[in-house]
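Novice: Please see the structure below; I have some questions.
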Amino acid sequence: MFANSAASEQSVLETLSGTGLVPDLCAAGQFEGQNWLLYRHIEGTPWRENTAQVAALLGKLHQLNPPSGLPLGANGSADLAAQTLDILRACDPVEDTLLHAPEGVVTPTDHMCLIHGDPVPGNIVVRQGGLVLIDWQCPKVGDPAEDLALFLSPAMQTIYGRDPLSDNEVQTFLTAYPDPEVVARLMDLRPWFHWRMASYCLWRGDRAAANLELAALGLCRS
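Per the working numbering, the very first residue in the sequence shown carries number 25; after that it's consecutive.
Okay, structure coming up:
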């Protein structure tokens, strides 16, 4: 789910240089067969508040052209279900509530774009003049709704030391994101995103985070 590709990160940092959305890449190379990157430190603090700012940041990112060679992200409910089942196969044991995929079908979108792939609070730096996205190890050409789902994920908020977003913070984020069609698609795909994240948290051994996602999944099904 969260790949780690120095080559992809380098490609994105080079492509988005000058946009203000990414750190400045200083150097790149190999050591003992492993790729390394050096980018400029950003003076700032991890994101903690103001979801509208994050919505604007992701909206701006999703309008930019991706570099060539990035992997494709999951697109549509069938892809998300297949990815989730792969995660569950690596879990032992798996509880019954996670074995049942959400009902319905959400078809793939033609609106694939550059997505960060991990836009969680710890990867968003607040500095004077705006927000910057760091840790670009798993960028994709994907459904922009995936970035929105990852940021809104209650598990990901708590993993990075924050309470889950309040209903007001979520609504502020959704209202501020500039493309209402992507927001509508996110709402359609929420059950699959919560199901996948619950499975991922279970695979990581984080039962508390998995329970947050299962609770959110239950609200989608009610």
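Idealized CB from N, CA, C, for every residue including glycine. This one's a predicted model, so the numbers in the text were calculated from it and none came from an experiment.
Hey, is residue 231 close to the ligand ATP, as in C-beta under 8 Å from one of its heavy atoms?
Specialist: Summarising the ligand content, the structure contains no ligands, and the ligand ATP is consequently not present.
Novice: Go through its chain and collect everything with a Cβ distance to residue 89's Cβ below 8 Å, but skip five positions before and after it.
Specialist: 39 and 138
Novice: Please report the distance separating the alpha-carbon of residue 127 from that of residue 51.
Specialist: 48 Å
Novice: Hey, quick one: how far does the alpha helix (DSSP H) through residue 161 stretch, first residue to last?
Specialist: From DSSP, residue 161 is part of no alpha helix (DSSP H); its letter is neither H nor E.
Novice: Is it true that the CB of residue 215 sits closer than 9 Å to the CB of residue 171?
Specialist: no
Novice: Can you grab the Cα-Cα spacing for the pair residue 206 / residue 65, in whole Å?
Specialist: 32 Å
Novice: Apart from the five residues on each side of it in sequence, which residues of its chain come closer than 7 Å, Cβ to Cβ, to residue 77?
Specialist: 155
Novice: Would you check if the distance between the CB atom of residue 92 and the CB atom of residue 29 is smaller than 9 Å?
Specialist: no
Novice: So, does the region 210-229 touch the region 169-186, judging by three or more C-beta pairs under 8 Å?
Specialist: yes
Novice: Between 72, 189, 177 and 192, which lies nearest to residue 151 when the distance is taken from Cα to Cα?
Specialist: Sorting 72, 189, 177 and 192 by C-alpha distance to the C-alpha of residue 151 places 72 at the top.
Novice: Across which residues does DSSP place residue 58 in a beta bridge pair?
Specialist: Per DSSP, 55.
Novice: Rounded to whole angstroms, how far is the Cβ of residue 70 from the Cβ of residue 145, which I believe are closer than 8 Å?
Specialist: 6 Å
Novice: With DSSP collapsed to three states, give me the class of residue 183.
Specialist: helix
Novice: When DSSP labels each residue in this structure, what does residue 231 get in the three-state scheme?
Specialist: Helix at residue 231.
Novice: Report yes if the C-beta distance between residue 115 and residue 226 is below 9 Å; otherwise report no.
Specialist: yes
Novice: Taking the beta carbon of residue 220 as the centre, do at least 16 other beta carbons fall within 10 Å, making it buried, or is it exposed?
Specialist: buried
Novice: Could you give the residue range of the alpha helix (DSSP H) that holds residue 113?
Specialist: 101-113
Novice: Residue 182 and residue 232: beta carbons closer than 9 Å?
Specialist: yes
Novice: CB-CB under 6 Å to residue 95, same chain, minus the five flanking residues each way: which ones, in chain order?
Specialist: 164
Novice: Would you check if the distance between the CB atom of residue 202 and the CB atom of residue 189 is smaller than 9 Å?
Specialist: no
Novice: Is DSSP giving residue 63 helix, strand or coil here?
Specialist: The DSSP-derived three-state label of residue 63 is strand.
Novice: Per DSSP, residue 154 is paired with what?
Specialist: 151
Novice: Please report the distance separating the alpha-carbon of residue 47 from that of residue 120.
Specialist: Rounded to the nearest whole angstrom, the C-alpha separation of residue 47 and residue 120 is 43 Å.
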